[in-house]
Structures are given as C-alpha cells and as structure tokens.
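Remarks on the structure that follows.
Numbering (my numbering), first residue to last: 25 to 206.
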C-alpha cells in the first residue's frame, strides 16, 4: 500500500507540520506578527501531538504533513482519506502562486503609478480652476469697489442734468418772455 497511510502506528520523527504560519515564508510574503504567534502557540496538531498518536489523527484543515525520508515525491495529506498530494505538485503550486503574486504585484504597481499620475493631473486642474476663480474674484472685487463710485458719479450727473434742465427751462422762459416784450 505504497502512497497510503495505514492505521498502524508510524514513526513520525522525520515528519514536519506545515501550517498557515509557515505558508507566507514559503511564498516570500509577510503578515502581522500577532497572527504568526497565534499559529505557533497552538499545541494541537503540533509535532509532539502527531508523534504521540496514530496517523489516523486528523489535523486542523490547513495543516499538511510532508515526509522527507522517502525517495523522490513524498505523499502528503491531512488524513488517511485524503487524495495524495505530491511534493513536486506543491512545488508547482507554489511556483505558480509566486508567479501570480509577482504578476499581481506588477499590475498593482502599474495601477498605482497610473493613479498617482491621474491624481497629479487632477490636482493641477484644480489649481488652475482655483487660480481662475481667484482672478475672477479679484476682478469682481474691483468692480464691487467701482460700483459705489460709479453710483455716486451717476447721482452727481443726475443732479447736474436736473440743474441744466432747470437752467434751460429758465432760459426758455426768458427767451419767450423777452420776445413777448418786444
């Protein structure tokens, strides 16, 4: 029954436990230390726990066991009933994941550069609009100061016009009155 776990006791001194706390180091990524310590502090499913019981003991779902003592590909699985996974298959998966992470990282980097450029251009447009608005405000302020002066001038001209009309009316009366006397 090569490649399958038996229900008999097995020497597990050369077996390793790979848990989620180790996965990021295999993929060359990191996460907060609080999460790592949480995984490493778990005692159930640890090397001591596995070695003291039969191989039928089920580990937590994310954990897998890899034997380094076999030739070539080694059988891996969380329990007896699982479909065997080979070491080379895992290496292929990790290779694909690394490539996917690298591609994703490149895409994110490109998107970030594009967004930075867009934000910069948008900021420049905002600056231009603000400058135009400020210039228009200054022009409006200038008109605001000129309007009262123009209104005063208009009032003066109105008085002057009324005065001229009065003088003209007076002159007409004098002209008419003078022509009547002669």
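Note that beta-carbon positions come from the ideal geometry of N, C-alpha and C, so glycine has one too.
Nearest-angstrom Cα separation, counted from residue j out to residue i
{"i": "residue 129", "j": "residue 158", "result": "42 Å"}
{"i": "residue 152", "j": "residue 126", "result": "39 Å"}
{"i": "residue 139", "j": "residue 162", "result": "34 Å"}
{"i": "residue 112", "j": "residue 119", "result": "10 Å"}
{"i": "residue 195", "j": "residue 164", "result": "45 Å"}
{"i": "residue 141", "j": "residue 110", "result": "46 Å"}
{"i": "residue 170", "j": "residue 184", "result": "21 Å"}
{"i": "residue 134", "j": "residue 114", "result": "30 Å"}
{"i": "residue 132", "j": "residue 148", "result": "24 Å"}
{"i": "residue 121", "j": "residue 137", "result": "24 Å"}
{"i": "residue 160", "j": "residue 124", "result": "53 Å"}
{"i": "residue 189", "j": "residue 167", "result": "31 Å"}
{"i": "residue 173", "j": "residue 186", "result": "20 Å"}
{"i": "residue 155", "j": "residue 143", "result": "18 Å"}
{"i": "residue 193", "j": "residue 180", "result": "20 Å"}
Environment of residue i [buried if 16+ CB atoms lie within 10 Å]
{"i": "residue 94", "result": "Because residue 94 sits at a pLDDT of 49, beneath the cut-off of 50, its placement in the model cannot be relied upon, and the point is left open."}
{"i": "residue 84", "result": "Its pLDDT being 44, under 50, residue 84 is placed unreliably in this model, and the coordinates cannot settle the point."}
- Task: Mind listing, in chain order, the continuous alpha helix (DSSP H) runs of no fewer than 4 residues lying wholly within the stretch 104-144?
- Result: none
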